[in-house]
Every structure is written in structure tokens, then in C-alpha cells.
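Numbering (the working numbering), first residue to last: 34 to 352.
Structure first, then comments.
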Amino acid sequence: MRLLSQVNLNSLKIVESAARHGNFTRAGEEQFITASAVSQRVKSLEDQLRFKIFQRGGNAVSLTPEGETYVSRVREALERIVAASMEATGQSQEHVLKISVLPTFAARWLFPRLPEFQRRHPDIVMRVSTSYATHEFTASDFDLEIRYGDGHFTGLLSDLLFREDLTPVCSRKLFHEVLGNKPVSKVTPDDLRHFTLLHSDTCTQNWQSWLGFAGASFVLSETKSIYFDSCMMSYEAANAGMGFAVANRAYMASDIRAERLVAPFAVHHPNTAGWYFVSPHKHFATRKVLLFKQWVMAEAALTQRQLDSEIRDLASEAV
Numbered sequence: 034m035r036l037l038s039q040v041n042l043n044s045l046k047i048v049e050s051a052a053r054h055g056n057f058t059r060a061g062e063e064q065f066i067t068a069s070a071v072s073q074r075v076k077s078l079e080d081q082l083r084f085k086i087f088q089r090g091g092n093a094v095s096l097t098p099e100g101e102t103y104v105s106r107v108r109e110a111l112e113r114i115v116a117a118s119m120e121a122t123g124q125s126q127e128h129v130l131k132i133s134v135l136p137t138f139a140a141r142w143l144f145p146r147l148p149e150f151q152r153r154h155p156d157i158v159m160r161v162s163t164s165y166a167t168h169e170f171t172a173s174d175f176d177l178e179i180r181y182g183d184g185h186f187t188g189l190l191s192d193l194l195f196r197e198d199l200t201p202v203c204s205r206k207l208f209h210e211v212l213g214n215k216p217v218s219k220v221t222p223d224d225l226r227h228f229t230l231l232h233s234d235t236c237t238q239n240w241q242s243w244l245g246f247a248g249a250s251f252v253l254s255e256t257k258s259i260y261f262d263s264c265m266m267s268y269e270a271a272n273a274g275m276g277f278a279v280a281n282r283a284y285m286a287s288d289i290r291a292e293r294l295v296a297p298f299a300v301h302h303p304n305t306a307g308w309y310f311v312s313p314h315k316h317f318a319t320r321k322v323l324l325f326k327q328w329v330m331a332e333a334a335l336t337q338r339q340l341d342s343e344i345r346d347l348a349s350e351a352v
């Protein structure tokens, strides 16, 4: 057995990430390694500790009672290491903005815009974590989160960024391969029968919801399907020409404008849920949080205006 004093710091970070996500695949994405590598690191650490940190169950994992205690202490230690490093380099915590964001929201909407915030406020140091889990602010050091939901987050302040608005998308090349030169304005939801539908394990009801709203629920039983473990992967598959994914318009708008993707349907299906800026009262009035909120709300409002205009254009073309 290797000495416990030789425990690798990266292994501790990987274990903390896997515990936070409850999933080795997502932990691997966050740490830029494979799910298999995460599993190997966890197994090696468990062998050193001589107890199981996780209970395995399919794609999901959960902490054992011993693992719960261990990961809690590891998380505290990692936070102290970060704080000590920042103090040593003169980085005051009041200039460090710590946010948690849903992975797909981060990759498809926030990250392309974030350089502008950094340009405007170079004194604010960003620490961005991507996670599907929500955090208890009393047990974490996050200043704010971007959460998906109905806006009711007990004990927290929240502001709507924009609501989800689903639309099917596919690559322009695949569209023409299957439907030839059929005008986009003449395409109906029935035409989806000729394509493969791309599903996501994290957005399981989106196709059923959109097709039901469009009056074409029968399509689900008449098409081939491919399933992915995240919305982001289903969107990438659509870009690669594998089929139609049903996506939030805000996520795919840049690909549609660049004509990499086609969104042919004028069916407007806004969801009652959406993405919210969420923060506890104690952080809400701090300069760094107020500046980020002001900026992200303005960006979201611009996104909503652009989407509304594009939806009106689609509706007029369909008449």
C-alpha cells in the first residue's frame, strides 16, 4: 500500500468533482480526462484509504457514509488551499467572483460572451464551475449560480435571464440530403419522420413536449433515435449531421445565423421554466455580484430581443 502522505492532489480534485456531479463522465469532462481515468483514480485512492468512497450504479455514483465524511473534509481542504494561494499572490477575495453554471448554458451561451465582461472589469478574477447540481450557499463559497427552474428558490434572490424556447435543429447538409430542395418554409413537423431524432438523458421530455405541442406526437414511434448523456452532446451530434436535436433557441442561435444549422419550424414553444441568476442575500449587494448581474441581465435581454425578432420572421415566412 502506498503511504497516505503520497496521496495525489489531482486525485482529490477528481474525487471531489465526481462527488459533486454524482457521475464519473461529467467529472471527467470537468477535469479534461476520460470517465475511465476518473474511475481508475478513484479506485487507486480507495485502495490507499482502504474504504469505498463511492457506491457504483450504472452511470451514476453516490457517496458511501465514509465517503461523505471524507469528501466533505477534502472539499474544505481544497478551498483552503485555493484561498491560501490567492492570499499569497495578493488576490483579495472581494475581487474574486465565484460562480456555478450549468455546463450546456456555460458552453453554448455564457462562455462566448464572458470575454466582454472580463474586458470591462479586468480587476475581477473569475472562478467558474460547471455543474448540473445545485449548491447550498451556506456550505459552498459560490457568490452566485445560474440555475434552471421556475424561479422559486427558497431563501434566495433570483432574476429571470430568459425562458427556454425549444426548436428542432439539424445540419444544413443533412437537411438537403434528406429533403432535397424543399423550401424551408414548406417543411412541417411530419417531415421529422425521415430523420433520426437525437435525445438527451438530461432533457428527457423535450422531444415529447415539442412534438406534442406541434401536433405530431406520432413521429416518436416512426423514427430512429440516438441517445446521449447530455444536451450538449446531442447538439454537437446535430452539428455533425447525425439527425435532428431539439434545442433551446438561445443555445443554437449563432449556428443558425451562420447557416451551419437549420431551424425550419415556425412552431413557437416557449417553456414555463427558464434560466435564472440566483444569489443569497449576503452576496447580492457586493460590487462584484452587482456588476456581473448588470452585465449578464443586459446580455440576456439582448438575446431575447434577437430571438423574438427571428421568431416573428419565421412566422411571417410560414404564412
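All C-beta atoms, glycine included, are put in the ideal place defined by N, C-alpha and C.
Minimum Cβ-Cβ distance from residue i to chain C less than 8 Å
i	result
Lys76	You won't find chain C in this structure, because it holds only one protein chain.
Run of the alpha helix (DSSP H) containing residue i, from where it starts to where it stops
i	result
Asp288	282-290
Phe261	That residue, Phe261, is in no alpha helix (DSSP H); its beta strand (DSSP E) goes 258-261.
Ser242	239-246
Lys76	68-82
Met265	264-272
Proximal residues to residue i (C-beta, below 6 Å), its chain only, five neighbours per side dropped
i	result
Arg108	Glu49
Phe84	Glu99
Pro303	Arg196, Asp198
Phe186	Val311
Val279	Leu199, Pro201, Asn239, Trp240, Trp243
Asp234	Asp262
Arg74	Ser44, Ile47
DSSP bridge partner residues for residue i (one or two, in chain order)
i	result
Glu178	Ser133, Val311
Asn56	Ala93
Val295	Cys203
Pro303	Asp198
Gln88	Ser95
Val220	Answer is none; Val220 lacks a bridge partner.
Ala278	Val202, Leu231
Where residue i falls, given that 16 or more other Cβ within 10 Å makes a residue buried
i	result
Ser254	exposed
Asp288	buried
Gly90	exposed
Ser263	buried
Tyr260	exposed
Asp176	buried
Lys315	exposed
Glu210	exposed
Asn56	buried
Ser342	exposed
Met34	In this prediction, Met34 scores a pLDDT of 42, lower than 50, which makes its location untrustworthy; no coordinate-derived value is stated.
Ile114	exposed
Glu127	exposed
Glu101	exposed
Gly307	buried
Gly61	buried
Asn281	buried
Pro145	exposed
His227	exposed
Val329	buried
Val161	exposed
Leu42	exposed
Thr163	buried
Leu335	exposed
Ala139	buried
Pro222	buried
Ser133	buried
Gly182	exposed
Phe325	buried
heavy atom of the ligand SAH below 7 Å from residue i C-beta
i	result
Ala296	As for the ligand SAH, it is missing from this structure, which has no ligand bound.
Enclosing beta strand (DSSP E) for residue i [first to last residue]
i	result
Ser233	230-233
Neighbourhood of residue i by C-beta distance below 7 Å, restricted to the same chain and skipping five residues each side
i	result
Asp174	Glu112, Lys131
Tyr284	Thr137, Arg141, Trp142, Tyr268
Ala68	Phe57, Thr58, Gly61
Leu193	Gly184, Gly307, Tyr309
8 Å Cβ shell around residue i - same chain, five flanking residues per side excluded
i	result
Val322	Leu130, Asp176, Leu177, Ser312, His316
Thr229	Thr256, Lys257, Ser258, Ile259, Met275, Gly276, Phe277
Val104	Val48, Glu49, Ala52, Ile86, Leu96
Ser204	Ala271, Asn272, Ala273, Gly274, Arg293, Leu294, Val295
His54	Ala60, Glu63, Ser164, Tyr165, Ala166
Lys46	Gln64, Leu111
Whole alpha helix (DSSP H) runs in the segment 142-217 with 4 or more residues, listed along the chain?
-> 144-153, 205-212
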